[in-house]
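Take a look at the structure below.
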Amino acid sequence: MNSDWEKLRSFAMQLFPSGYAERYGQRNGTMKIAKNSIVPFDFEGLQIIDYTSKTNRSSSIAEIMVLPGASHPKAYSNRSVKY
-14 MNSDWEKLRS
-4 FAMQLFPSGY
6 AERYGQRNGT
16 MKIAKNSIVP
26 FDFEGLQIID
36 YTSKTNRSSS
46 IAEIMVLPGA
56 SHPKAYSNRS
66 VKY
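Counting in the working numbering, the sequence shown runs from -14 upward without gaps.
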């Protein structure tokens, strides 16, 4: 990752210092995912961290970081259920 991504990630971690994403639901219980166990990937200038990539669920939790001035083509996730 370049230094701009590192700066953006550092800023995001200050906003979410807990280090994990939580999900509460009557059917699913609680889900905790360690941020440092997930590998980010690049999509046309966006850095995407899919916290649920290793799970078999109908929805997903992701963090998308966008640098100023970045652009990308339209994309559709066929894995996520839209609420």
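Here a beta-carbon is modelled for each residue, glycine too, at the ideal position from N, C-alpha and C.
Contacts around residue i, its chain only, beta-carbon distance under 7 Å, and the 5 residues preceding and following it disregarded
{"i": "E29", "result": "H57 and P58"}
Proximity to residue i [Cα-Cα], best of the options
{"i": "E(-9)", "options": "V51, A60 and Y61", "result": "V51"}
{"i": "A60", "options": "L31, D(-11), S(-12) and P25", "result": "L31"}
For residue j and residue i, the rounded distance between their alpha carbons
{"i": "I33", "j": "P53", "result": "15 Å"}
{"i": "A55", "j": "P25", "result": "17 Å"}
{"i": "S(-5)", "j": "S(-12)", "result": "10 Å"}
Rounded Cβ spacing between residue i and residue j (contact assumed at less than 8 Å)
{"i": "I49", "j": "Y36", "result": "About 11 Å; that fails the 8 Å criterion."}
8 Å Cβ shell around residue i - same chain, five flanking residues per side excluded
{"i": "D27", "result": "I33"}
{"i": "I23", "result": "I34, D35, Y36 and S38"}
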